[in-house]
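Novice: The number in the numbering used here is simply the position in the sequence shown, starting from 1, with 457 added.
First, the structure itself, so that you have it in front of you.
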Amino acid sequence: MEQGWLDLAGARWTVHADSSIEAFGLVPEDLRAALAGVPATVPGVVHTDLLAAGLIADPYLGTAEDDQHWIGQQAWTYRCEFHLDVGAPELTREHAELLCEGLDTVAEVFCNGTSVGRSVNMHRRNAFALPNLRPGRNIVEITFAPVGEYAAQMAAAVGERIHVERDPYNLVRKMACNFGWDWGPRLVTAGIWKAIGVRSWNRARIADLALFATAEETASGDWTGHLRVSAQLAGYTRFGAMTVRVRRGEEYAEVVLPATEDFVDVDVTMSHVSPWWPHSVGAQPLYDVEVVLHDDEAILDTAQRRTGFRTVDLDTTPDADGNGATFGFRVNGVQLFARGMDWIPDDCFPSRITAQRYRERVQQARDAGVDLLRIWGGGIYEQAAFYDACDELGVMVWQDFCLACAAYPEEEPFATEIEAEARDNVRRLSPHPSLALWNGNNECSWGYFDWDWESKLDGKSWGAGYYYDLFPKIVAELDPTRPYWPGSPSSGVNDVHPNSPDYGCMHIWDVWNERDYTGYDDYSPRFVSEFGYQGPATWATWARTLEPADRSATSVAMLAHQKAAGGNTKLNTGIQGHLPLPGEGPEHFDEWLFAMQLQQARAVRYGIERWRSLRGRCLGSIVWQLNDCWPVTSWAALDLGIDAAGNAVARRKPLWYAVRSAYADRLATLQHDAEGWRAVLVNDGISDWVANGTVQLRRLSGEVLWTFSMSKLVPVRSKVDVPLAPDATDVPTDELALVVTLDGAERAVKLLVEDVDAQLPPAELDASVVRTADGVEVTVTAGSFLRTLCLFPDRVDENAVTDSLAVDLFPGERHVFTVTGTFADDDLAALTARPALRSLTNPLTPSEAV
């Protein structure tokens, strides 16, 4: 073949600081000599190289972040040497270029001392011609200028714009949360964060490739697949030809056609394909696509992609009364209630995220019932391994363009970069069947209308041209198989408020910022694409992040990991009226951790159950957020810590278990309004549900005061409301609970008053432990009503995981916690005692556990 690839990631790289500029004065004096040449790993960034060399402390631990801001203010140069023998393909082929998948961010590239190009955008690929390669030693250097200097130059050229952080992140094409966010640290990176290598070729090559695969069901119930291959060619192509092969096991379809233009579109139709579905509906068959460019003499180039056949639509059908419109996904014609979570970069240094780690996170989302992940616009267009995992595991992707919470200039040179970035990523991500939606921005349209931007901008551009003109045109041109939406939130049109509950998607943040979480009852949205509630990370994560003396809600180190303005105050305010307010000193850390994590789980579950009870009007909820990028008190369901071996670990917070319960295929939820109580039965499974069981009014002592027998047919992808009218009783409401027990659904227990007002009895229980092949089983038998019984095995083994959490037990009932982990014999007793085993009905002490 006439193509070659020399991977430079395996070359010997170093990085050094530029000592000639004024910013070098910010570097700690004891590091200046060492920064003349530090061994570097590519892909990577300066922070990870300095950390590996032992020159900086881990910025995720304690308050170390505060001492590392100088790194982002410094210029850095990456340098590698590689040897080419006489006659090496890179020297003998007609063309050689340096392909950079990702440069972070303001970079100039040199080969053998000659500048070959510049890049000012972290979010796009670059290819630089290398006309001066030579036999023997070759040197590639990439110099990264401080992004703050570049942002200042942009401000001078196009004017400043409103943003929500300390630094003007909206004036440089770099992930916004790199500059800090209300859940993330300010660690301004520089480096070669994706693959890099020398590509050489003769005559012609496939410069870029996009695939668009859709599925169509026939009258017989079979499926036909339609594939369009769109190839961009480079070089002399007059006598070339394109061959497209779509493989299905040992079978393939093939089309050959002349390649006489720079762009070639090939359409292939295949019968008897199996459609790709979200995991909540069906299977995820994937097909290999091979594209071959050849002429009469030889194969010139090949490219491989993998895709799945499916059709995705965004249903925005207007209501018959003209007072709103549907907003929901249809996949292969099937309307879904999207069970989603928001996704942020899984590390402040994305080059550290392996394919295995991406798959683990997506699997953790799927295990919680999530079938859609929204990639937030303040992060990155994720790496291929993320989308591969979503393809394989059946999790849809809502992809924001990378603009968030700011006004963005539409003048040059900014506009050209935005367009190039959008075109690059739309084509790059096109093969992935999991990709379901392109979204214009995060909260930029909302900010313009509601955050007083219009008056402050004084006529300056703010990004509207991107959201309502450029992006929809690019998607229509390059990816007509997927829907586009202007923003999150957005009503879709300018004459309706962008955060309307009647049109489009909305964000609900007044509950966290200003109100009690029962305020979710005041909303009847079409689709909630952001809402959430804070809670601290798990014990095991804090144990490796903070020194023992710093483990309190208000220590300096702990507050360094609470980035939300007034975050602790909002936690303390929100918990009142629901749970006892814990103390904040070190002696109260266990109680504070338990209470605040539980409050987060309850608040989000309350919201999800509200949105699902409105199924039909509401067709999706996306919880902010699935994951974290460092150890922090945040809105995430999975924290980010490390284990004893230094590996990244995403540990389940109580919120993860609450999301799994609320997103179950079949849900029984108790809702209350002016009409009284009703049980809402929601079926998002793959078949009809005959819900057989009872609703009972019970005393906390277990006594049954009223029973309502139920047998309801709940068709697939629907819900049924069942009004409830419990018989009157003179038992005080603080001793009562409604209990829904149905075949095929998790039991629902609803106290008639808040826990802080309920007559919760002292905890009485028996607990025992037996070993299993993968860990242990902890069996708890209730002697009294146990409210929110929890097992936290990470208090004993930091990597241990329990299968369940937050269980309500009436006297005489029992529950088995299945735990994976490694436990010594001496550890077993600790699993039946506080703080590992506890409930709200009186904190357990070791003497109370048997």
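Glycine included, C-beta positions come from ideal geometry on N, C-alpha and C.
Pick out the complete beta strand (DSSP E) segments inside the segment 1210-1289, 3 residues or longer, and give them in chain order.
Specialist: 1222-1228, 1232-1239, 1243-1248, 1264-1266 and 1271-1277
Novice: For N956, count the other beta carbons within 10 Å of its own beta carbon; 16 or more makes it buried, fewer makes it exposed. Which is it?
Specialist: In the sequence shown, counting from the first residue as 1, residue 956 sits at position 499. Label assigned to N956: buried.
Novice: Per the DSSP calculation, I653 is bridged to which residue(s)?
Specialist: For this step, residue 653 is matched to residue 196 along the sequence shown. According to DSSP, which records beta bridges pairwise, I653 is partnered with C557.
Novice: For the ligand NAD, is there any heavy atom lying closer than 7 Å to the beta carbon of T562?
Specialist: No copy of the ligand NAD appears in this structure; indeed no ligand is present at all.
Novice: Using CA coordinates, which residue listed in T671, K1110, R823 and F928 is at the minimum distance from S728?
Specialist: By 1-based counting over the sequence shown, the position of residue 728 is 271. Selected option, being the one with the closest Cα: T671.
Novice: Which same chain residues, not among the five before or five after G467, have their C-beta less than 8 Å away from its C-beta?
Specialist: One-based indexing of the sequence shown puts residue 467 at position 10. None.
Novice: Nearest CA to the CA of A1094: which residue from G529, S1118, L1071 and A1102?
Specialist: In the sequence shown, the residue the question calls residue 1094 occupies position 637. Closest option to A1094, judged by alpha-carbon separation, among G529, S1118, L1071 and A1102: S1118.
Novice: Using DSSP's beta-bridge definition, name the partner residues of W638.
Specialist: Your numbering for residue 638 matches position 181 in the sequence shown. G641.
Novice: Quick test of your reading: P958 and P943, contact by CB under 8 Å. State the CB separation rounded to the nearest angstrom.
Specialist: To locate residue 958, count along the sequence shown from 1; it is residue 501. To locate residue 943, count along the sequence shown from 1; it is residue 486. Wrong, their Cβ atoms sit about 17 Å apart, outside the cutoff.
Novice: In its own chain, which residues sit with a C-beta less than 7 Å from the C-beta of P1268, not counting the 5 before and 5 after it?
Specialist: What you label residue 1268 is simply residue 811 of the sequence shown in a count that begins at 1. Same-chain partners within the cutoff: S1158, G1159, A1239, G1240, S1241 and F1242.
Novice: If you check the beta carbons only, do Q525 and L644 fall under 8 Å apart?
Specialist: Taking the first residue of the sequence shown as position 1, residue 525 is located at position 68. Taking the first residue of the sequence shown as position 1, residue 644 is located at position 187. Closer than 8 Å, so yes.
Novice: Is the segment 504-511 touching the segment 621-630, taking contact as three or more C-beta pairs under 8 Å?
Specialist: no
Novice: What three-state label does DSSP hand Y709 in the structure shown?
Specialist: Here residue 709 refers to the residue found at position 252 when the sequence shown is read from its first residue. Residue state, collapsed to three classes: strand.
Novice: First and last residue of the beta strand (DSSP E) that includes A893?
Specialist: If you number the sequence shown from 1, residue 893 lands on position 436. Looking at the DSSP string, the run of the beta strand (DSSP E) that includes A893 is L892 to N896.
Novice: For the candidate residues A812, T764, D828 and V950, whose alpha-carbon lies nearest to that of P888?
Specialist: To locate residue 888, count along the sequence shown from 1; it is residue 431. Looking at the Cα atoms, T764 is the closest of the given residues.
Novice: Give me the Cα-Cα distance between G570 and Q1054, rounded to the nearest whole angstrom.
Specialist: If you number the sequence shown from 1, residue 570 lands on position 113. If you number the sequence shown from 1, residue 1054 lands on position 597. Looking at the two C-alpha atoms, the distance is approximately 55 Å.
Novice: Tell me whether the beta-carbon of G520 lies closer than 8 Å to the beta-carbon of A1202.
Specialist: Taking the first residue of the sequence shown as position 1, residue 520 is located at position 63. Taking the first residue of the sequence shown as position 1, residue 1202 is located at position 745. The residue asked about is misnamed: residue 520 is Thr in this sequence, not Gly. Their beta carbons are not under 8 Å apart, which means T520 does not touch A1202 by this criterion.
Novice: Could you tell me which residues DSSP puts in a beta bridge with G697?
Specialist: Residue 697 sits at position 240 when you count from the first residue of the sequence shown. In the DSSP output, where bridge partners are listed per residue, G697 has A716.
Novice: On the three-state DSSP scale, how would you describe V472?
Specialist: Locating residue 472 in the sequence shown gives position 15, where the first residue counts as 1. Reduced to three states, the DSSP call for V472 is strand.
Novice: Where L1301 and E1255 are concerned, what is the direct C-alpha to C-alpha distance, given to the nearest angstrom?
Specialist: Residue numbering aside, residue 1301 sits at position 844 when the sequence shown is read from its first letter. Residue numbering aside, residue 1255 sits at position 798 when the sequence shown is read from its first letter. Because the pLDDT of L1301 is 37, which lies under 50, any placement of that residue in the model is unreliable, and the number read from its coordinates should be weighed accordingly. Their backbone Cα atoms lie some 21 Å apart in a straight line.
Novice: What are the residues that DSSP puts in a beta bridge with W680?
Specialist: In the sequence shown, the residue the question calls residue 680 occupies position 223. W680 is bridged to E674.
Novice: I need the boundaries of the beta strand (DSSP E) containing P775, first residue and last residue.
Specialist: Here residue 775 refers to the residue found at position 318 when the sequence shown is read from its first residue. Here P775 belongs to no beta strand (DSSP E), and DSSP marks it neither H nor E.
Novice: Rounded to a whole number of angstroms, what is the C-alpha to C-alpha distance between R787 and L793?
Specialist: Working through the sequence shown from its first residue, we reach residue 787 at position 330. Working through the sequence shown from its first residue, we reach residue 793 at position 336. Cα-Cα distance, rounded: 6 Å.
Novice: Are there 16 or more other CB atoms within 10 angstroms of the CB of G904, so buried, or fewer, so exposed?
Specialist: Along the sequence shown, read from residue 1 onward, the residue named residue 904 stands at position 447. Buried, since its Cβ has 16 or more Cβ neighbours within 10 Å.
Novice: Can you pull the DSSP bridge partners for Q689?
Specialist: Working through the sequence shown from its first residue, we reach residue 689 at position 232. Note: Q689 sits in a beta bridge opposite D665 and F720.
Novice: Roughly how many angstroms separate the alpha carbons of K1169 and A1148, rounded to a whole number?
Specialist: Counting from one through the sequence shown, the residue named residue 1169 turns up at place 712. Counting from one through the sequence shown, the residue named residue 1148 turns up at place 691. Computed Cα separation, rounded: 5 Å.
Novice: Do P946 and S891 have their C-beta atoms closer together than 8 Å?
Specialist: Along the sequence shown, read from residue 1 onward, the residue named residue 946 stands at position 489. Along the sequence shown, read from residue 1 onward, the residue named residue 891 stands at position 434. No, Cβ-Cβ distance for P946 and S891 is not below 8 Å.
Novice: Can at least three beta-carbon pairs, one atom from the segment 1062-1073 and one from the segment 1126-1140, be found at a separation below 8 Å?
Specialist: yes
Novice: Taking the alpha carbon of F1051 as the point to measure from, which residue in S1225, V932 and F1249 has its own alpha carbon closest?
Specialist: The count along the sequence shown starts at 1 and reaches residue 1051 at position 594. When only C-alpha atoms are compared, the closest one is F1249.
Novice: Using the DSSP secondary-structure output, state which residues sit across from W658 in a beta bridge.
Specialist: Residue numbering aside, residue 658 sits at position 201 when the sequence shown is read from its first letter. DSSP lists Q460 and H552 as partners of W658.
Novice: Per DSSP, which residues does P496 bridge with? Please list them.
Specialist: Counting from one through the sequence shown, the residue named residue 496 turns up at place 39. Per DSSP, T471.
Novice: Just to confirm, are G836 and C634 a CB contact at a threshold of 8 Å?
Specialist: In the sequence shown, the residue the question calls residue 836 occupies position 379. In the sequence shown, the residue the question calls residue 634 occupies position 177. Yes, the pair counts as a contact, with Cβ atoms nearer than the cut-off.
Novice: Can you name the start and end residues of the beta strand (DSSP E) that H751 belongs to?
Specialist: Residue 751 sits at position 294 when you count from the first residue of the sequence shown. Judged by DSSP secondary structure, H751 falls within the beta strand (DSSP E) whose first and last residues are Y744 to H751.
Novice: Would you kindly report the start and end of the unbroken beta strand (DSSP E) that includes W999?
Specialist: Within the sequence shown, residue 999 is the residue found at index 542, counting from 1. Where W999 is concerned, there is no enclosing beta strand (DSSP E), although the alpha helix (DSSP H) it sits in stretches over W996 to T1002.
Novice: Report the residue ranges of all alpha helix (DSSP H) runs contained in full by the segment 1088-1164; include only those spanning at least 4 residues, in chain order.
Specialist: 1111-1119
Novice: Beta-carbon separation of T549 and V604 under 8 Å?
Specialist: For the purposes of this step, residue 549 is identified with residue 92 of the sequence shown, where counting begins at 1. For the purposes of this step, residue 604 is identified with residue 147 of the sequence shown, where counting begins at 1. No, the pair does not count as a contact, with Cβ atoms beyond the cut-off.
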